[in-house]
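Peer 1: Can you keep this structure in mind? I'll have questions shortly.
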Amino acid sequence: MSKTECLGAGDYSRWTILGQNDGLEGKAPQIDKRGQACAKHNIIIDSESYKVGYRKGLAVYCKPQNIFNLALQGKGQGQGSWLLQNGGSYTNCPLELQSELSSYYIVGYNYYQAKSQLDKLEKGIASARSSLKESSLKSEQREYYHGIISENTELLPSAKSSYEEARRELVQFKKQNGMN
Numbered sequence: 000m001s002k003t004e005c006l007g008a009g010d011y012s013r014w015t016i017l018g019q020n021d022g023l024e025g026k027a028p029q030i031d032k033r034g035q036a037c038a039k040h041n042i043i044i045d046s047e048s049y050k051v052g053y054r055k056g057l058a059v060y061c062k063p064q065n066i067f068n069l070a071l072q073g074k075g076q077g078q079g080s081w082l083l084q085n086g087g088s089y090t091n092c093p094l095e096l097q098s099e100l101s102s103y104y105i106v107g108y109n110y111y112q113a114k115s116q117l118d119k120l121e122k123g124i125a126s127a128r129s130s131l132k133e134s135s136l137k138s139e140q141r142e143y144y145h146g147i148i149s150e151n152t153e154l155l156p157s158a159k160s161s162y163e164e165a166r167r168e169l170v171q172f173k174k175q176n177g178m179n
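By numbering that gives the first Met the number 0, the letter at position 74 of the sequence shown is numbered 73, and the numbering carries on one by one without gaps.
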């Protein structure tokens, strides 16, 4: 945080808002990082106000529907220590909620991955076919695009099967959990 940001946070309600925003994003608490940054400017933070705000924000973030929606977008589960600190993750939710939230995350994220893989293969085939329409292509370029089509076409049945399985699991999970 800059000196200006630290000074602007001198209003104790500002620390509550900063904490709440971090919680709403599902981030790990940023109080130590913020405190160190402000200490460089000889500014003391209001850690209690931050913690109050953080708990409020995290309570909203840690709702099953929110975790599910994030997973469907490929978000909500950090990979590596940087993302766990700076990105949202259900693993930053209270321990007693993590088991329930993980099932929402896993089903949603499995669907996201299967759909993404299928889309990637289909787009690769379409793009290669489109490129083959160019009359000025050299034979090596044609071979390259035919190779992409062949490889992606070979992988397509498995990707479709994975997608259909993930879609069935998604529909069943939503039905079991009263979701739309």
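Heads up, the beta-carbon is just placed ideally off N, CA and C, and yes, glycines get one too.
Let's see if you can read the secondary structure: which residues bound the alpha helix (DSSP H) around I147?
Peer 2: Segment 138–175, the alpha helix (DSSP H) holding I147.
Peer 1: By alpha-carbon positions, which one of L155, A36, S149, D45 ends up nearest to E121?
Peer 2: Comparing Cα positions, the closest option is L155.
Peer 1: Counting Cβ pairs closer than 8 Å, one from the stretch 107–126 and one from the stretch 66–76, do we hit at least three?
Peer 2: yes
Peer 1: Tell me whether A127 sits in a helix, a strand or coil according to DSSP, three-state version.
Peer 2: helix
Peer 1: In chain order, what residues of the same chain lie with their CB nearer than 6 Å to the CB of L57, ignoring the 5 residues before and after it?
Peer 2: G22
Peer 1: Consult DSSP for Q35 and reduce its assignment to one of helix, strand or coil.
Peer 2: In the structure shown, Q35 falls within a helical segment according to DSSP collapsed to helix, strand and coil.
Peer 1: If I measure Cβ to Cβ from K55 and keep anything under 7 Å in the same chain, skipping five residues before and after, which residues do I get?
Peer 2: Q19, G22
Peer 1: Excluding the 5 residues flanking I30 on each side, which residues of the same chain have their C-beta closer than 6 Å to its C-beta?
Peer 2: If the five residues before and after I30 are omitted, its C-beta is found closer than 6 Å to the C-beta atoms of S46, Y49, all from its own chain and listed in chain order.
Peer 1: Hey, how far is the Cα of T152 from the Cα of I124?
Peer 2: The alpha-carbon atoms of T152 and I124 are separated by roughly 7 Å.
Peer 1: Output the boundary residues of the alpha helix (DSSP H) element that contains Y53.
Peer 2: 46–60
Peer 1: Quick check on this structure: which residue in K39, L100, G52 has the alpha carbon closest to the alpha carbon of C61?
Peer 2: L100
Peer 1: Which class does P93 belong to by DSSP, given the choice of helix, strand or coil?
Peer 2: coil
Peer 1: Quick one: what does DSSP say S121 is sitting in, helix, strand or coil?
Peer 2: Note that residue 121 corresponds to Glu in the displayed sequence, not to Ser. It is helical.
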